[in-house]
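Written out below as structure tokens is the structure these notes cover.
Take a look at the structure:
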């Protein structure tokens, strides 16, 4: 996987229905400020009646993007993904469409049973994968453990940028909707996200956070973003451009975390105190590496850094 397709380069992933006619221009002209990744959606965002129109529009988008990429444009584009409606549509797209300007596919309703079909269509292409966990199986920790173990050993492993948590679909499974004045973590999804982080995060898979569909309630979204970061999620689905800046801001690293991360990686002490907290390099090293990798992409929240520490002094260690 190239550095460009690191999960830390996803940021706020904006979903746009494939029926929209301004997608190509939005990408080509970088019309949406701060956008790092976009998903052209042919699934839930498109009604059954509009599928033919969406597929026709997608072909026009792909032709425009491919021509622009051939002409030498595209280096500064956001990452571009397609979410097909199902594996049959995905197979048709990979077999017949020009996907040279596309970075990967978002795989809807992904399960262990659907893995062979998705991998068969992707394995001989350049495309990366973002499976979406959004079916009833996701609530079963044993099934998720089996899925994580299988993916870890499967050839698709190196193609998976991140696993996307499909919050609305999962809430639909249990006939619920997110409360308007509460975060997703205040619902049964709180347990589910924690479980998925434990199962997949312990196997070094990146996970992205579900959308906050209450677009105008900035306080709820900011509380939820703080919890997303506390759970180690690497990005968040967005459904409106006004959510992008808030997600980007949440992904920035605090000066305190940045300073601690550098001290942890550079210290020869087994345990030491920093900013009123215990730091233990043996157990905090992986956290520190991720903090600095995130800081390289999103920056540090404050203009004045602590102790004169500068991000450019960091070289990632393996």
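In full-length UniProt numbering, the protein residues as written are 1 to 318.
Think of the CB as a built atom: it goes at the ideal place given N, C-alpha and C, for glycine as much as any other residue.
Source: prediction; values computed, not measured.
Cβ pair count under 8 Å reaching 3, the segment 276-294 against the segment 205-222
With a cut-off of 8 Å on Cβ pairs, the segment 276-294 is not in contact with the segment 205-222, counting fewer than three such pairs.
What residue ranges within the segment 89-126 form continuous beta strand (DSSP E) runs of no fewer than 3 residues, ordered along the chain?
Entirely contained in the segment 89-126, the beta strand (DSSP E) runs reaching 3 residues are, in chain order, 104-107.
Runs of beta strand (DSSP E) wholly within the segment 242-289 (minimum 3 residues, chain order)
For the segment 242-289, whole beta strand (DSSP E) runs of length 3 or above, ordered along the chain, are 272-274 and 277-279.
Can you give me the C-alpha to C-alpha distance between residue 104 and residue 30, rounded to a whole angstrom?
The sequence position of residue 104 within the chain shown is 104, counting from 1. The sequence position of residue 30 within the chain shown is 30, counting from 1. Here the alpha carbon of residue 104 sits roughly 19 Å from the alpha carbon of residue 30.
Along the chain, where does the beta strand (DSSP E) that runs through residue 45 open and close?
The residue given as residue 45 occupies position 45 in the chain shown. Residue 45 -> no beta strand (DSSP E), and no H or E assigned at all.
Cβ-based burial, residue 266 [other Cβ within 10 Å; buried from 16]
Counting from one through the chain shown, the residue named residue 266 turns up at place 266. It counts as exposed.
Among all the DSSP beta bridges, which residues are the ones paired with residue 202?
As a working note, residue 202 is residue 202 in the chain shown. Looking at the DSSP assignment, residue 202 forms no beta bridge with any residue, so it has no partner.
DSSP beta-bridge partners for residue 207?
Locating residue 207 in the chain shown gives position 207, counting from the first residue. The secondary-structure analysis by DSSP pairs residue 207 across a beta bridge with 163.
From the DSSP output, read off the bridge partner residues of residue 39.
By one-based count along the chain shown, residue 39 stands at place 39. DSSP output for residue 39 lists 15 and 81 as bridge partner(s).
Counterpart residues of residue 235 in DSSP-defined beta bridges
Locating residue 235 in the chain shown gives position 235, where the first residue counts as 1. Residue 235 pairs with 11.
Note down the Cα distance separating residue 39 from residue 195, rounded to an integer number of angstroms.
The residue given as residue 39 occupies position 39 in the chain shown. The residue given as residue 195 occupies position 195 in the chain shown. Their Cα atoms are separated by approximately 26 Å.
I'd like the list of long-range same chain contacts for residue 240, defined as Cβ closer than 6 Å, with 5 residues on each side in sequence excluded.
Counting from 1 along the chain shown, the entry for residue 240 is found at position 240. Excluding residues within five positions, the ones whose Cβ falls inside 6 Å are 215.
Considering only residues of the same chain and omitting the five flanking positions on each side of residue 160, which have a CB-CB separation below 8 Å?
Here the question's residue 160 lines up with position 160 in the chain shown. Closer than 8 Å at the Cβ level, and outside the excluded window around residue 160, lie 128, 129, 130, 131, 151 and 205.
I need the DSSP call for residue 212, collapsed to helix, strand or coil.
The residue labelled residue 212 in the question sits at position 212 within the chain shown. In the structure shown, residue 212 sits in coil (DSSP, three-state: anything other than H, G, I, E or B).
Tell whether a beta-carbon distance below 8 Å holds between residue 164 and residue 213.
Indexing the chain shown from 1 puts residue 164 at position 164. Indexing the chain shown from 1 puts residue 213 at position 213. Between residue 164 and residue 213, the C-beta spacing is not below 8 Å.
Cα separation between residue 32 and residue 5?
Within the chain shown, the letter at position 32 stands for residue 32. Within the chain shown, the letter at position 5 stands for residue 5. Their Cα atoms are separated by approximately 20 Å.
By Cβ distance, which residues of its chain are closer than 8 Å to residue 73, with the 5 residues on each side in sequence left out?
Here residue 73 refers to the residue found at position 73 when the chain shown is read from its first residue. The answer, listed in chain order, is 28.
Contact check, residue 42 vs residue 84 under 8 Å by CB: the rounded distance?
Along the chain shown, one-based indexing puts residue 42 at 42. Along the chain shown, one-based indexing puts residue 84 at 84. In this structure residue 42 is in contact with residue 84, their Cβ atoms being roughly 5 Å apart against a cut-off of 8 Å.
Which residues mark the beginning and the end of the alpha helix (DSSP H) in which residue 192 is found?
Start at 1 with the first residue of the chain shown, and residue 192 comes out as number 192. Here the alpha helix (DSSP H) through residue 192 covers 189-196.
In chain order, what residues of the same chain have a beta carbon less than 6 Å from the beta carbon of residue 254, not counting five sequence neighbours either side?
On the chain shown, position 254 is the one that residue 254 refers to. Within the same chain, residue 254 has close Cβ partners 301.
Whose CA, out of 101, 141, 153 and 94, lies closest to the CA of residue 125?
Sequence index remark: in the chain shown, residue 125 carries index 125 (1-based). Checking every option, the nearest Cα to that of residue 125 belongs to 94.
DSSP three-state assignment for residue 131, whether helix, strand or coil:
Along the chain shown, one-based indexing puts residue 131 at 131. Here residue 131 carries a strand assignment [DSSP, helix/strand/coil].
Taking C-beta to C-beta, are residue 65 and residue 101 nearer than 8 Å?
On the chain shown, position 65 is the one that residue 65 refers to. On the chain shown, position 101 is the one that residue 101 refers to. Cβ atoms of residue 65 and residue 101: closer than 8 Å.
Is it the case that the segment 185-203 contacts the segment 139-156, given that we only count it when at least three CB pairs across the two stretches are under 8 Å?
Of all C-beta pairs linking the segment 139-156 to the segment 185-203, three or more are shorter than 8 Å, placing the two stretches in contact.
Kindly indicate which residue of 185, 226, 232 and 296 has the alpha-carbon position closest to the one of residue 207.
Counting from 1 along the chain shown, the entry for residue 207 is found at position 207. Nearest of 185, 226, 232 and 296 to residue 207, Cα basis: 232.
Per DSSP, residue 174 forms a beta bridge with which residues?
What you label residue 174 is simply residue 174 of the chain shown in a count that begins at 1. When DSSP reads this structure, residue 174 sits in no beta bridge, so it has no partner.
Pairwise C-alpha distance: residue 259 and residue 230:
Within the chain shown, numbered from 1, the residue matching residue 230 stands at position 230. Within the chain shown, numbered from 1, the residue matching residue 259 stands at position 259. Answer to the nearest angstrom: the Cα atoms are 18 Å apart.
Over the uninterrupted alpha helix (DSSP H) stretch that includes residue 155, give me the two end residues.
Position 155 of the chain shown, counted from the start, is the residue given in the question as residue 155. No residue range can be given for residue 155, since it is assigned to no alpha helix (DSSP H) and is classified by DSSP as neither H nor E.
Can you name the residues that DSSP bridges to residue 300?
Numbered from its first residue, the chain shown carries residue 300 at position 300. 253.
Closest Cα partner of residue 298 within the set 273, 186 and 235
Taking the first residue of the chain shown as 1, we reach residue 298 at position 298. Closest by alpha carbon: 235.
Where the alpha helix (DSSP H) through residue 57 begins and ends:
Locating residue 57 in the chain shown gives position 57, where the first residue counts as 1. Where residue 57 is concerned, the enclosing alpha helix (DSSP H) stretches over 51-70.
Candidates 112, 134 and 193: closest to residue 154 by CA position:
Counting from one through the chain shown, the residue named residue 154 turns up at place 154. It is 112.
If you compare alpha carbons, which of 21, 135 and 115 is closest to residue 56?
Taking the chain shown and counting its residues from 1, the one referred to as residue 56 is at position 56. Ranking the options by Cα distance to residue 56, first place goes to 21.
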